[in-house]
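Read in order, the letters of the sequence shown are residues 1 to 69 in the working numbering.
Using N, Cα and C, we set each Cβ at its ideal position, and we do this for glycine too.
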Amino acid sequence: MFGFNEEQIAWFGLTFGVGAFMLYMLFIVAQLAWESKAGKFGTFVLFLALAFGMLGFVAKGVIQWVIDK
1 MFGFNEEQIA WFGLTFGVGA FMLYMLFIVA QLAWESKAGK FGTFVLFLAL AFGMLGFVAK
61 GVIQWVIDK
C-alpha cells in the first residue's frame, strides 16, 4: 500500500499510533485530576498510578534506539 510493506506500516502504527494514544490518555488523567480538584499531591498520585505503565513503552523505544545505534 503506497509503496510500504507490512512491517513498515506496523512499525509506524505502533510507534506513532500508540504514542498519540498515550498523549490522549495523559490528557484524560489531567482532566480527571482537574475535575476532581485533586490538588498537587493527588494529581501526582493520579499520574503516578495511571500513567506508570506508559513508562515501559517509552523505555522500550529508548532501549531499541540505543541498541540500533
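Suppose you measure from the CA of residue i to the CA of residue j; what does that come to, to the nearest Å?
| i | j | result |
| --- | --- | --- |
| Phe47 | Leu26 | 8 Å |
| Phe41 | Asp68 | 39 Å |
| Trp65 | Trp11 | 13 Å |
| Ala38 | Ala20 | 25 Å |
| Ser36 | Gly53 | 22 Å |
Please classify residue i as buried or exposed, where buried requires at least 16 neighbouring CB atoms within 10 angstroms.
| i | result |
| --- | --- |
| Ala33 | buried |
Thinking C-beta only, is residue j closer than 8 Å to residue i?
| i | j | result |
| --- | --- | --- |
| Ala51 | Val29 | yes |
| Met22 | Phe57 | yes |
Determine the closest residue to residue i out of the options, with distance taken between C-alpha atoms.
| i | options | result |
| --- | --- | --- |
| Val18 | Ile63, Gly39 and Leu55 | Leu55 |
| Val62 | Thr15, Gly3 and Asn5 | Thr15 |
Start and end of the alpha helix (DSSP H) containing residue i?
| i | result |
| --- | --- |
| Thr43 | Gly39 to Asp68 |
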